[in-house]
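A.B. asks: This is the structure I want to talk about, given as structure tokens.
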Amino acid sequence: MKLFLQILLIVTSVLLIVAVLLHRGRGGGLSSLFGGGMQSSLAGSSVAEKNLDRITLGLGAVWLIAIVGLGLLVKI
């Protein structure tokens, strides 16, 4: 169980970093490198940003659960 939570923590950490970097910031950020800057004028870009928000929040929740689970296992 401990190994599973450690692997889950590593995977979600990397995916969370990627998801945060893909968000469109005020200046465009790294998301403009992948075409996010050009899509900002399109009507469908807000749907993609909302989906990216949901994915980021889901990854954050899984990351938090893995941290708490590991903390409880280490404490025992």
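Quick note on numbering: the sequence shown equals residues 1 to 76 in my numbering. Each residue gets a CB set at the ideal place from its N, CA and C atoms; glycine is no exception.
Which residues in the same chain have their Cβ closer than 6 Å to the Cβ of Leu9, if we skip the five residues on either side of it in sequence?
C.D. replies: Ala66
A.B. asks: On the criterion of 16 or more Cβ atoms from any shown chain inside 10 Å, does Leu59 qualify as buried, or is it exposed?
C.D. replies: Answer is buried; the Cβ neighbour count reaches 16.
A.B. asks: Identify, in the order they occur along the chain, each residue of the same chain with its Cβ nearer than 6 Å to the Cβ of Leu73, setting aside the five sequence neighbours on each side.
C.D. replies: Lys2
A.B. asks: Can you tell me where the alpha helix (DSSP H) with Ile7 in it begins and where it stops?
C.D. replies: 2 to 22
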